[in-house]
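In the working numbering, the protein residues as written are 1339 to 1572.
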């Protein structure tokens, strides 16, 4: 069309002026939209912190529909002791969240982000957390028995006294993680990268470590079955 041809001819002239203005207008629209949605987001965040399972699940469902589980709305949310067992939280972004003592038993958390989250004493038994991001997360004394957590990034995470019995961590990264006192009995640790990890007092009894990059001396930490029985008998 003629109008389109004219626009193409004039584009070199008005382009340098129009496009920066267009970007500023778009940014202004985004700010107004964020301000409009802020009260509802704040209400749902408060609902998440209520401790009432029904209210928490309702808030999660609404946030999932609106795409707010993945856009940063959950950053820093405080949900200590939350009951989230058997809940679908795929791709949820809990960066910096306070989730001490929370129950994620059998939760579905594929691609979830738990970077910098406080998960001390939390329970993830039987949860599916494939390809999750958990860098610098605090899992001290957390229970992750039978958790499916392959291809996860746990670099620099604090995993002291965490229980990974029968867990699947295949091809995960635990570079620089603190594993002192952690229990990996019967865990699948094939191709796991432990470079720079602290492993004093960790238990690797019966763990599958084929292809894993383990720190020197890790074999000394394996508690043999006979020794374990003697220890219990004392």
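Where a beta carbon is used, it is the ideal one built from N, C-alpha and C, also for glycine. Values in this document were obtained by computation on a predicted structure and should not be read as measured data.
Which residues share a DSSP beta bridge with residue i?
i: residue 1599; result: As displayed, the chain neither begins before 1339 nor continues past 1572, which places residue 1599 out of reach and without an answer.
i: residue 1466; result: 1446, 1486
i: residue 1461; result: 1441, 1481
i: residue 1546; result: 1526
i: residue 1472; result: Its beta-bridge partners do not exist; DSSP assigns none.
i: residue 1426; result: 1446
i: residue 1436; result: 1416, 1456
i: residue 1504; result: According to DSSP, which records beta bridges pairwise, residue 1504 is partnered with nothing at all.
i: residue 1421; result: 1441
i: residue 1536; result: 1516
i: residue 1496; result: 1476, 1516
i: residue 1431; result: 1451
Decide if residue i is buried, meaning its Cβ has at least 16 other Cβ atoms within 10 Å, or exposed.
i: residue 1568; result: Residue confidence for residue 1568 is low, a pLDDT of 42 falling below 50, so the modelled location carries little weight and cannot support an answer.
i: residue 1563; result: Because the pLDDT at residue 1563 is just 45, under 50, the model does not fix this residue reliably, and the value given afterwards should be weighed accordingly. By the neighbour-count rule (16 or more Cβ atoms within 10 Å), residue 1563 is not buried but exposed.
i: residue 1441; result: buried
i: residue 1538; result: exposed
i: residue 1533; result: exposed
i: residue 1554; result: exposed
i: residue 1476; result: buried
i: residue 1388; result: exposed
i: residue 1311; result: A question about residue 1311 goes unanswered here, because the residues of the chain that appear run from 1339 up to 1572.
i: residue 1459; result: buried
i: residue 1374; result: exposed
i: residue 1550; result: buried
i: residue 1557; result: exposed
Using beta-carbon positions only, say whether residue i and residue j come within less than 7 Å of one another.
i: residue 1463; j: residue 1483; result: yes
i: residue 1505; j: residue 1530; result: no
i: residue 1443; j: residue 1461; result: yes
i: residue 1468; j: residue 1493; result: no
i: residue 1500; j: residue 1480; result: yes
i: residue 1418; j: residue 1433; result: no
i: residue 1445; j: residue 1457; result: no
i: residue 1415; j: residue 1386; result: yes
So residue i is in the alpha helix (DSSP H); what residue range does that whole segment cover?
i: residue 1396; result: 1391-1404
Compare the Cα-Cα distances from residue i to each of the options and report the closest residue.
i: residue 1379; options: 1390, 1404, 1392; result: 1404
i: residue 1511; options: 1521, 1491, 1424, 1518; result: 1491
i: residue 1422; options: 1541, 1488, 1396; result: 1396
i: residue 1496; options: 1526, 1540, 1525, 1466; result: 1540
i: residue 1518; options: 1406, 1413, 1448, 1559; result: 1559
i: residue 1377; options: 1556, 1474, 1411; result: 1411
i: residue 1454; options: 1525, 1474, 1394; result: 1474
i: residue 1470; options: 1408, 1420, 1488; result: 1488
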